[in-house]
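S.K.:
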Amino acid sequence: MRSYWKQIWPPLVAVVFFLGLWQVSVSLFHIESWILPSPSDIARETSGNASGIWAHTAATLRLTLIGFPIGTGVGLIVALLLHLLPWLKRALYPLLILSQNVPSIALAPLLIIWFGFGLLPKIVLITLVCFFPVSVAAMGGLTQSDRTMLNYMKMAGANKWQIFTKLELPGSLPALFSGLKISATYAVMGAVVAEWIGADKGIGYYMLLQKSAYRTDRVFVAIAIIVLLSLVLFALIALLEKWLVRWKPRKSS
16 MRSYWKQIWP
26 PLVAVVFFLG
36 LWQVSVSLFH
46 IESWILPSPS
56 DIARETSGNA
66 SGIWAHTAAT
76 LRLTLIGFPI
86 GTGVGLIVAL
96 LLHLLPWLKR
106 ALYPLLILSQ
116 NVPSIALAPL
126 LIIWFGFGLL
136 PKIVLITLVC
146 FFPVSVAAMG
156 GLTQSDRTML
166 NYMKMAGANK
176 WQIFTKLELP
186 GSLPALFSGL
196 KISATYAVMG
206 AVVAEWIGAD
216 KGIGYYMLLQ
226 KSAYRTDRVF
236 VAIAIIVLLS
246 LVLFALIALL
256 EKWLVRWKPR
266 KSS
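So, in C-alpha coordinates, the structure goes:
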(Lines of atoms letter the chains of each structure in order from A; the text may use other names.)
(Lines give C-alpha, C1' and ligand atoms only; values in the text may rest on other atoms or scores of the structure.)
Protein backbone atom coordinates (compact mmCIF):
# COMPACT_ATOMS: atom_id res chain seq x y z
CA MET A 16 0.00 0.00 0.00
CA ARG A 17 2.84 2.35 0.81
CA SER A 18 4.51 1.61 -2.53
CA TYR A 19 1.21 2.21 -4.33
CA TRP A 20 0.75 5.56 -2.57
CA LYS A 21 4.30 6.60 -3.47
CA GLN A 22 3.41 6.13 -7.14
CA ILE A 23 0.07 7.93 -6.89
CA TRP A 24 0.74 11.06 -4.88
CA PRO A 25 3.23 12.88 -7.23
CA PRO A 26 0.87 13.00 -10.25
CA LEU A 27 -2.09 13.65 -7.92
CA VAL A 28 -0.37 16.68 -6.41
CA ALA A 29 0.62 17.88 -9.88
CA VAL A 30 -2.99 17.66 -11.10
CA VAL A 31 -4.34 19.50 -8.04
CA PHE A 32 -1.69 22.20 -8.44
CA PHE A 33 -2.50 22.60 -12.14
CA LEU A 34 -6.24 22.88 -11.49
CA GLY A 35 -5.65 25.42 -8.72
CA LEU A 36 -3.37 27.49 -10.94
CA TRP A 37 -5.97 27.31 -13.72
CA GLN A 38 -8.76 28.48 -11.38
CA VAL A 39 -6.69 31.36 -9.98
CA SER A 40 -5.49 32.46 -13.43
CA VAL A 41 -9.01 32.62 -14.87
CA SER A 42 -10.22 34.69 -11.92
CA LEU A 43 -7.13 36.91 -11.76
CA PHE A 44 -7.01 37.79 -15.45
CA HIS A 45 -10.83 37.93 -15.87
CA ILE A 46 -10.85 35.49 -18.78
CA GLU A 47 -14.27 35.10 -20.37
CA SER A 48 -15.79 31.69 -19.77
CA TRP A 49 -16.52 31.16 -23.47
CA ILE A 50 -12.76 31.42 -24.12
CA LEU A 51 -11.46 29.47 -21.13
CA PRO A 52 -13.85 28.29 -18.41
CA SER A 53 -12.53 27.66 -14.93
CA PRO A 54 -12.46 24.16 -13.41
CA SER A 55 -15.35 25.15 -11.15
CA ASP A 56 -17.42 26.16 -14.19
CA ILE A 57 -16.68 22.82 -15.84
CA ALA A 58 -17.60 20.91 -12.68
CA ARG A 59 -20.82 22.90 -12.33
CA GLU A 60 -21.79 22.17 -15.93
CA THR A 61 -21.04 18.48 -15.44
CA SER A 62 -23.27 18.19 -12.38
CA GLY A 63 -26.04 20.28 -13.93
CA ASN A 64 -26.24 18.22 -17.13
CA ALA A 65 -25.27 14.82 -15.74
CA SER A 66 -28.09 12.78 -17.29
CA GLY A 67 -27.53 14.07 -20.83
CA ILE A 68 -23.77 13.67 -20.55
CA TRP A 69 -24.14 10.11 -19.26
CA ALA A 70 -26.27 9.13 -22.26
CA HIS A 71 -23.54 10.32 -24.64
CA THR A 72 -20.82 8.71 -22.51
CA ALA A 73 -22.64 5.38 -22.53
CA ALA A 74 -22.86 5.48 -26.34
CA THR A 75 -19.14 6.13 -26.68
CA LEU A 76 -18.31 3.47 -24.10
CA ARG A 77 -20.43 0.92 -25.94
CA LEU A 78 -18.69 1.71 -29.22
CA THR A 79 -15.29 1.47 -27.54
CA LEU A 80 -16.05 -1.87 -25.90
CA ILE A 81 -17.10 -3.29 -29.26
CA GLY A 82 -14.23 -1.92 -31.32
CA PHE A 83 -11.37 -2.46 -28.88
CA PRO A 84 -11.65 -6.28 -28.61
CA ILE A 85 -12.01 -6.55 -32.37
CA GLY A 86 -8.97 -4.36 -32.98
CA THR A 87 -7.00 -6.29 -30.37
CA GLY A 88 -7.98 -9.61 -31.94
CA VAL A 89 -6.99 -8.45 -35.42
CA GLY A 90 -3.66 -7.18 -34.07
CA LEU A 91 -2.91 -10.50 -32.38
CA ILE A 92 -3.83 -12.52 -35.46
CA VAL A 93 -1.63 -10.33 -37.67
CA ALA A 94 1.27 -10.58 -35.21
CA LEU A 95 1.03 -14.38 -34.97
CA LEU A 96 0.82 -14.83 -38.73
CA LEU A 97 3.79 -12.57 -39.43
CA HIS A 98 5.82 -14.26 -36.69
CA LEU A 99 5.07 -17.82 -37.80
CA LEU A 100 5.48 -17.00 -41.51
CA PRO A 101 8.71 -14.99 -41.92
CA TRP A 102 8.28 -14.65 -45.68
CA LEU A 103 4.88 -13.04 -45.10
CA LYS A 104 6.43 -10.64 -42.56
CA ARG A 105 9.05 -9.55 -45.07
CA ALA A 106 6.32 -8.84 -47.60
CA LEU A 107 3.71 -7.15 -45.41
CA TYR A 108 5.52 -5.50 -42.50
CA PRO A 109 6.66 -2.45 -44.54
CA LEU A 110 3.08 -2.01 -45.77
CA LEU A 111 1.88 -2.28 -42.17
CA ILE A 112 4.15 0.59 -41.18
CA LEU A 113 3.15 2.61 -44.23
CA SER A 114 -0.55 2.22 -43.42
CA GLN A 115 -0.09 4.13 -40.17
CA ASN A 116 0.95 7.27 -42.06
CA VAL A 117 -2.64 7.70 -43.23
CA PRO A 118 -4.61 9.75 -40.64
CA SER A 119 -7.66 7.89 -39.42
CA ILE A 120 -9.88 10.93 -40.00
CA ALA A 121 -8.83 10.91 -43.65
CA LEU A 122 -10.30 7.44 -44.05
CA ALA A 123 -13.70 8.51 -42.79
CA PRO A 124 -15.16 9.57 -46.19
CA LEU A 125 -14.10 6.26 -47.74
CA LEU A 126 -15.58 4.25 -44.89
CA ILE A 127 -18.89 6.10 -45.22
CA ILE A 128 -18.94 5.48 -48.99
CA TRP A 129 -18.14 1.80 -48.57
CA PHE A 130 -20.15 0.91 -45.45
CA GLY A 131 -22.75 3.66 -45.01
CA PHE A 132 -23.58 5.54 -41.80
CA GLY A 133 -24.27 2.60 -39.51
CA LEU A 134 -22.17 0.87 -36.88
CA LEU A 135 -19.82 -0.95 -39.27
CA PRO A 136 -17.68 2.02 -40.46
CA LYS A 137 -17.16 3.11 -36.85
CA ILE A 138 -16.01 -0.37 -35.82
CA VAL A 139 -13.68 -0.53 -38.82
CA LEU A 140 -12.14 2.83 -37.88
CA ILE A 141 -11.56 1.80 -34.24
CA THR A 142 -10.08 -1.50 -35.42
CA LEU A 143 -7.64 0.33 -37.70
CA VAL A 144 -6.60 2.56 -34.80
CA CYS A 145 -6.22 -0.25 -32.26
CA PHE A 146 -4.65 -3.16 -34.11
CA PHE A 147 -1.28 -1.57 -34.94
CA PRO A 148 0.10 -1.04 -31.38
CA VAL A 149 -0.97 -4.55 -30.39
CA SER A 150 0.47 -6.10 -33.53
CA VAL A 151 3.86 -4.37 -33.31
CA ALA A 152 4.21 -4.98 -29.56
CA ALA A 153 3.30 -8.66 -29.90
CA MET A 154 5.73 -9.20 -32.78
CA GLY A 155 8.49 -7.52 -30.79
CA GLY A 156 7.77 -9.69 -27.76
CA LEU A 157 7.68 -12.90 -29.78
CA THR A 158 11.15 -12.24 -31.22
CA GLN A 159 12.76 -11.42 -27.84
CA SER A 160 12.62 -14.83 -26.24
CA ASP A 161 15.33 -15.98 -23.86
CA ARG A 162 18.08 -17.27 -26.18
CA THR A 163 19.51 -19.64 -23.59
CA MET A 164 16.14 -21.26 -23.01
CA LEU A 165 15.50 -21.35 -26.77
CA ASN A 166 18.77 -23.21 -27.40
CA TYR A 167 18.02 -25.56 -24.52
CA MET A 168 14.57 -26.43 -25.91
CA LYS A 169 16.03 -27.06 -29.37
CA MET A 170 18.68 -29.33 -27.87
CA ALA A 171 15.93 -31.18 -25.97
CA GLY A 172 14.13 -31.86 -29.26
CA ALA A 173 11.24 -29.40 -28.95
CA ASN A 174 9.45 -28.65 -32.21
CA LYS A 175 8.45 -25.17 -33.41
CA TRP A 176 4.95 -25.40 -31.97
CA GLN A 177 6.25 -26.39 -28.53
CA ILE A 178 8.78 -23.55 -28.61
CA PHE A 179 6.03 -21.13 -29.59
CA THR A 180 3.51 -22.20 -26.95
CA LYS A 181 5.93 -22.85 -24.07
CA LEU A 182 8.50 -20.08 -24.58
CA GLU A 183 7.75 -17.43 -27.19
CA LEU A 184 4.08 -16.79 -26.43
CA PRO A 185 4.40 -16.58 -22.62
CA GLY A 186 7.56 -14.50 -22.95
CA SER A 187 5.80 -12.00 -25.21
CA LEU A 188 3.08 -11.17 -22.66
CA PRO A 189 4.83 -8.14 -21.07
CA ALA A 190 5.38 -6.55 -24.49
CA LEU A 191 1.86 -7.50 -25.56
CA PHE A 192 0.32 -5.79 -22.56
CA SER A 193 2.34 -2.66 -23.29
CA GLY A 194 0.71 -2.60 -26.72
CA LEU A 195 -2.70 -3.26 -25.19
CA LYS A 196 -2.33 -0.27 -22.86
CA ILE A 197 -1.52 2.01 -25.77
CA SER A 198 -4.34 0.52 -27.83
CA ALA A 199 -6.82 1.00 -24.96
CA THR A 200 -6.17 4.74 -24.89
CA TYR A 201 -6.38 4.91 -28.69
CA ALA A 202 -9.69 3.04 -28.66
CA VAL A 203 -11.58 5.84 -26.87
CA MET A 204 -10.19 8.48 -29.19
CA GLY A 205 -10.97 6.26 -32.16
CA ALA A 206 -14.57 5.99 -30.97
CA VAL A 207 -14.82 9.78 -30.69
CA VAL A 208 -13.41 10.27 -34.19
CA ALA A 209 -15.78 7.60 -35.48
CA GLU A 210 -18.69 9.55 -34.02
CA TRP A 211 -17.51 12.64 -35.86
CA ILE A 212 -18.08 10.90 -39.19
CA GLY A 213 -21.74 10.33 -38.48
CA ALA A 214 -23.67 9.70 -35.28
CA ASP A 215 -26.68 10.99 -33.37
CA LYS A 216 -25.20 10.41 -29.91
CA GLY A 217 -21.86 9.92 -28.21
CA ILE A 218 -19.13 12.17 -26.84
CA GLY A 219 -17.85 12.94 -30.36
CA TYR A 220 -21.32 14.04 -31.44
CA TYR A 221 -21.70 16.01 -28.21
CA MET A 222 -18.41 17.84 -28.86
CA LEU A 223 -19.49 18.84 -32.35
CA LEU A 224 -22.77 20.25 -31.03
CA GLN A 225 -21.09 22.27 -28.28
CA LYS A 226 -18.39 23.55 -30.63
CA SER A 227 -21.08 24.97 -32.91
CA ALA A 228 -22.77 26.60 -29.90
CA TYR A 229 -19.46 28.01 -28.56
CA ARG A 230 -20.03 26.17 -25.27
CA THR A 231 -16.38 25.84 -24.32
CA ASP A 232 -17.25 24.56 -20.87
CA ARG A 233 -19.13 21.61 -22.34
CA VAL A 234 -16.26 20.87 -24.75
CA PHE A 235 -13.97 20.65 -21.71
CA VAL A 236 -16.48 18.31 -20.07
CA ALA A 237 -16.26 16.05 -23.12
CA ILE A 238 -12.44 16.15 -23.03
CA ALA A 239 -12.46 15.23 -19.33
CA ILE A 240 -14.74 12.25 -20.04
CA ILE A 241 -12.46 11.06 -22.85
CA VAL A 242 -9.46 11.24 -20.53
CA LEU A 243 -11.34 9.45 -17.75
CA LEU A 244 -12.51 6.62 -20.02
CA SER A 245 -8.97 6.20 -21.36
CA LEU A 246 -7.54 6.03 -17.84
CA VAL A 247 -10.12 3.47 -16.74
CA LEU A 248 -9.38 1.21 -19.70
CA PHE A 249 -5.64 1.62 -19.14
CA ALA A 250 -6.04 0.71 -15.46
CA LEU A 251 -8.11 -2.39 -16.29
CA ILE A 252 -5.45 -3.61 -18.71
CA ALA A 253 -2.77 -2.95 -16.09
CA LEU A 254 -4.70 -5.00 -13.51
CA LEU A 255 -5.13 -7.84 -16.00
CA GLU A 256 -1.40 -7.76 -16.70
CA LYS A 257 -0.62 -7.89 -12.99
CA TRP A 258 -2.86 -10.94 -12.64
CA LEU A 259 -1.60 -12.84 -15.70
CA VAL A 260 2.09 -11.91 -15.74
CA ARG A 261 2.90 -12.71 -12.12
CA TRP A 262 6.39 -13.95 -12.96
CA LYS A 263 7.46 -10.56 -14.33
CA PRO A 264 10.15 -9.08 -12.04
CA ARG A 265 9.11 -5.84 -10.36
CA LYS A 266 11.36 -2.83 -10.53
CA SER A 267 12.52 -1.61 -7.17
CA SER A 268 11.61 2.04 -6.53
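For the sequence shown, our numbering gives the first residue as 16, with consecutive numbering after it.
Even for Gly, the Cβ is constructed at its ideal location relative to N, Cα and C.
Being a predicted model, the structure only gives us computed values, none of them experimental.
With 16 as the cutoff for other CB atoms within 10 Å, does F33 come out buried or exposed?
M.R.: exposed
S.K.: How many Å lie between G186 and S193 at the Cα?
M.R.: Cα to Cα, G186 sits roughly 13 Å from S193.
S.K.: Got a sec? Which residues, its chain only, sit under 6 Å from Y220 by beta carbon, not counting five neighbours each side?
M.R.: E210 and A214
S.K.: Below 8 Å between beta carbons: does that hold for I241 and V203?
M.R.: yes
S.K.: Which same chain residues, not among the five before or five after A228, have their C-beta less than 6 Å away from its C-beta?
M.R.: For A228, same chain residues with a beta-carbon under 6 Å away, outside a window of 5 residues either side, do not exist.
S.K.: By alpha-carbon positions, which one of A250, L157 and T231 ends up nearest to A58?
M.R.: When only C-alpha atoms are compared, the closest one is T231.
S.K.: Whole-angstrom Cβ separation of L91 and A171, contact assumed at under 8 Å?
M.R.: 28 Å between Cβ atoms; not a contact.
S.K.: Can you tell me whether T79 is buried or exposed, with buried defined as 16 or more other CB within 10 angstroms of its CB?
M.R.: buried
S.K.: Nearest-angstrom Cα distance between G217 and I85?
M.R.: 20 Å
S.K.: To the nearest angstrom, how far is the alpha carbon of Y167 from that of V89?
M.R.: Looking at the backbone, the Cα of Y167 and that of V89 are separated by about 32 Å.
S.K.: Would you grab the beta carbon distance between L140 and L122 for me? Rounded to a whole angstrom, and I think it's under 8 Å.
M.R.: The beta-carbon distance between L140 and L122, rounded to whole angstroms, is 7 Å. This is short enough to meet the 8 Å contact definition.
S.K.: Under a three-way DSSP split, which group does F44 fall into?
M.R.: If DSSP states are grouped into helix, strand and coil, F44 belongs with coil.
S.K.: Is N174 helix, strand or coil by DSSP?
M.R.: coil
S.K.: With 16 as the cutoff for other CB atoms within 10 Å, does M222 come out buried or exposed?
M.R.: buried
S.K.: Give the DSSP-derived three-state secondary structure of Q225 in the structure shown.
M.R.: helix
S.K.: Mind listing, in chain order, the continuous alpha helix (DSSP H) runs of no fewer than 4 residues lying wholly within the segment 78 to 164?
M.R.: 101 to 114, 119 to 130 and 134 to 157
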